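Student:
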Amino acid sequence: MPHDHHDHDTLSPSGHPYRADDDAPLSYWQVMEIAVRELLVEKGITTASEIASQIDTMDARTPSNGAQVVARAWCDPEFHAALMDDASEATRAMGFDIGALKLIAVENTGDVHNMIVCTLCSCYPRNLLGLPPDWYKSRAYRSRTVREPRSVLAEFGVILPDKTKIRVHDSTADMRYIVIPNRPEGTENMSQNDLAGLVTRDSMIGTGLSITPPPIGA
Amino acid sequence: MTKPKIPSPARRWHDMGGDTAGPIPMEQRPDADHDFALWEKRVDALMILGSAKGFFTVDGLRRVLEDLGEDAFETMTYYERWIMAVNQNLIEGGAYTTADLAAKMADVTARGDTYGDAAAPVK
Numbered sequence: 016m017p018h019d020h021h022d023h024d025t026l027s028p029s030g031h032p033y034r035a036d037d038d039a040p041l042s043y044w045q046v047m048e049i050a051v052r053e054l055l056v057e058k059g060i061t062t063a064s065e066i067a068s069q070i071d072t073m074d075a076r077t078p079s080n081g082a083q084v085v086a087r088a089w090c091d092p093e094f095h096a097a098l099m100d101d102a103s104e105a106t107r108a109m110g111f112d113i114g115a116l117k118l119i120a121v122e123n124t125g126d127v128h129n130m131i132v133c134t135l136c137s138c139y140p141r142n143l144l145g146l147p148p149d150w151y152k153s154r155a156y157r158s159r160t161v162r163e164p165r166s167v168l169a170e171f172g173v174i175l176p177d178k179t180k181i182r183v184h185d186s187t188a189d190m191r192y193i194v195i196p197n198r199p200e201g202t203e204n205m206s207q208n209d210l211a212g213l214v215t216r217d218s219m220i221g222t223g224l225s226i227t228p229p230p231i232g233a
Numbered sequence: 040m041t042k043p044k045i046p047s048p049a050r051r052w053h054d055m056g057g058d059t060a061g062p063i064p065m066e067q068r069p070d071a072d073h074d075f076a077l078w079e080k081r082v083d084a085l086m087i088l089g090s091a092k093g094f095f096t097v098d099g100l101r102r103v104l105e106d107l108g109e110d111a112f113e114t115m116t117y118y119e120r121w122i123m124a125v126n127q128n129l130i131e132g133g134a135y136t137t138a139d140l141a142a143k144m145a146d147v148t149a150r151g152d153t154y155g156d157a158a159a160p161v162k
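In the order they appear, the protein sequences are chains A and B.
Numbering of the first sequence is given in our numbering, commencing with residue 16 and proceeding in unit increments.
Numbering of the second sequence is given in our numbering, commencing with residue 40 and proceeding in unit increments.
See the structure below:
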């Protein structure tokens, strides 16, 4: 009986394929990474397990953290108020510690759509969304988002009415933003947990919208 | 008396907000995102740990990244630039010397031709 072949070696825990790294020719910068890492261990500055544990911590940070925050803000008025007042503290209390950085939640409304960018570098609310996608760090996104947000949004398939005001928030090394997208219509009876499933990463960056569920019975 | 008009200072290359640029690189859209390679995750971890242990701040990292200049931004990948900045800051912070680094890099290079071989634990 043939043995089923599984893809467990080719998919990461997040379900994405790993980038090839072990079989391509060794690069100068990879050599530097190995050397720096081994030197820090040899000098007693860190340990291999501390490095592995840090990678695990980062891997565990995914947009589902942010989605839980948004869904709770939709359902829990007291939490919503705390989040808008001090997002660093409100998300820390949920176990998503941003450390010494300041986090600001910016909320979409019927009139206002928010987007976040880091024009200078790649600052991103890692505690809620994990590592930033490549396009967030690209010249095109960094340059154009503060200049022509509507055309950037259009490239992401988001077309907003002309009357919708677009606010772009430029992150810094010390201050990060998270967008609280609009709660989709027709979701009044959904649980907080199910609502979190409607909150995409891009909706929390502002390059997307939350998912509107299909009507029941459709 | 009118105030003299101060010309706006020239922006450095990394201060790119407001520039014109091409389309957002769409092959890197969320659905097409790849996870990061192990060596890239390790660079990220070294950045966090080196900073947590007080060898540098995010400002120190950014100084090196910005001083790398625009050519490096176009020709090196994100984590290539980051390992360079982390290394520079660790040396400045006294974690190890340039001689330590040179010797270790020669040693690593001699282990093999792939990342897997070179990163294998030394027996």
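No residue lacks a Cβ here, since even glycine has one placed at the ideal position from N, Cα and C.
Only a predicted model underlies this, so the values are computations on that prediction, with no experimental measurement involved.
Can you look up Glu200 (chain A) in the DSSP assignment and give me helix, strand or coil?
Tutor: coil
Student: Give a yes or no on whether 8 Å exceeds the smallest Cβ distance from Arg68 (chain B) to chain A.
Tutor: Unreliable positioning characterises Arg68 (chain B) in this predicted model, as indicated by a pLDDT of 46, which lies under 50. The coordinate reading is nonetheless provided below. Cβ-Cβ to chain A under 8 Å: yes for Arg68 (chain B).
Student: Buried or exposed: where does Glu119 (chain B) fall if 16 or more other Cβ atoms within 10 Å of its Cβ makes it buried?
Tutor: buried
Student: Are the CB atoms of Glu122 (chain A) and Ile195 (chain A) within a distance shorter than 8 Å?
Tutor: yes
Student: Given a threshold of 16 other Cβ atoms within 10 Å of its Cβ, counted over all protein chains shown, does Thr136 (chain B) qualify as buried or as exposed?
Tutor: exposed
Student: Is there a C-beta anywhere in chain B that falls below 8 Å from the one on Leu55 (chain A)?
Tutor: Taking Cβ atoms only, chain B reaches closer than 8 Å to Leu55 (chain A), which makes this a yes.
Student: By the three-class DSSP mapping on this structure, what secondary structure does Arg182 (chain A) have?
Tutor: strand
Student: Residues of chain A with CB closer than 7 Å to the CB of Arg101 (chain B), please, in chain order.
Tutor: Cys136, Ala188
Student: For Ala111 (chain B), would you say it is in contact with chain A, using Cβ-to-Cβ distances shorter than 8 Å as the test?
Tutor: no
Student: Are any of the Cβ atoms in chain A nearer than 8 Å to that of Arg81 (chain B)?
Tutor: yes
Student: Any residues in the region 119 to 130 of chain B with a beta carbon nearer than 8 Å to a beta carbon of chain A? Which ones, in chain order?
Tutor: Glu119, Ile122, Met123, Val125, Asn126, Leu129
Student: Measuring alpha carbon to alpha carbon, tell me which residue in A:His128, A:Pro164, A:Gly145, A:Ala96 is nearest Ile63 (chain B).
Tutor: Shortest Cα-Cα distance from Ile63 (chain B) to any of A:His128, A:Pro164, A:Gly145, A:Ala96 involves A:Pro164.
Student: Output needed in chain order: residues of the region 51 to 81 of chain A with a Cβ under 7 Å from some Cβ in chain B.
Tutor: Cβ contacts with chain B: Val51, Arg52, Glu53, Leu54, Leu55, Lys58, Ile60, Thr61, Glu65, Ile66, Gln69, Ile70, Met73.
Student: Hey, Met219 (chain A) and Leu144 (chain A) are a contact pair by Cβ (cut 8 Å); roughly how many whole angstroms apart?
Tutor: 6 Å
Student: Could you tell me which residues DSSP puts in a beta bridge with Met190 (chain A)?
Tutor: A:Lys117
Student: Would a check of beta-carbon distances place Tyr156 (chain A) closer than 8 Å to chain B?
Tutor: yes
Student: Cα-Cα, which of A:Val161, A:Met130, A:Met73, A:Arg159 is closest to Asp112 (chain A)?
Tutor: A:Met73
Student: Under 9 Å Cβ-Cβ, which residues of chain A neighbour Asp106 (chain B)?
Tutor: In chain order: nothing, as chain A lies at least about 13 Å away.
Student: Is DSSP giving Ile195 (chain A) helix, strand or coil here?
Tutor: strand
Student: Count Cβ pairs between the region 47 to 62 of chain B and the region 152 to 163 of chain A that sit closer than 8 Å; are there 3 or more?
Tutor: The answer is yes - the region 152 to 163 of chain A touches the region 47 to 62 of chain B, with three or more Cβ pairs under 8 Å.
Student: Could you name the residues that DSSP lists as bridge partners for Val129 (chain A)?
Tutor: The residue you asked about is not Val; residue 129 (chain A) is Asn in the sequence shown. Per DSSP, the beta bridge partners of Asn129 (chain A) are A:Arg182.
Student: So Ala138 (chain B) contacts chain A; which residues on that side make the cut at Cβ distance below 9 Å?
Tutor: Chain A residues near Ala138 (chain B): none, gap ~11 Å exceeds 9 Å.
Student: Mapping the DSSP letters down to three states, classify Gly40 (chain A) as helix, strand or coil.
Tutor: Checking the sequence shown, residue 40 (chain A) turns out to be Pro, not Gly. In the structure shown, Pro40 (chain A) falls within a strand segment according to DSSP collapsed to helix, strand and coil.
Student: Would you check whether the ligand HEM has a heavy atom nearer than 7 Å to the C-beta of Leu144 (chain A)?
Tutor: Only the bare structure without any ligand can be found here, which leaves the ligand HEM out of the picture.
Student: Where does Met55 (chain B) land, buried or exposed, given buried means 16+ other C-beta within 10 angstroms?
Tutor: buried
Student: Within 10 angstroms of the Cβ of Cys176 (chain A), are there 16 or more other Cβ atoms? Answer buried if so, exposed if not.
Tutor: Note on residue identity: the sequence assigns Pro, not Cys, to residue 176 (chain A). Exposed: under 16 other Cβ atoms inside 10 Å.
Student: Find the nearest neighbour of Arg52 (chain A) within the set B:Ala149, B:Gly108, B:Lys143, B:Arg150, judged by alpha-carbon distance.
Tutor: B:Lys143
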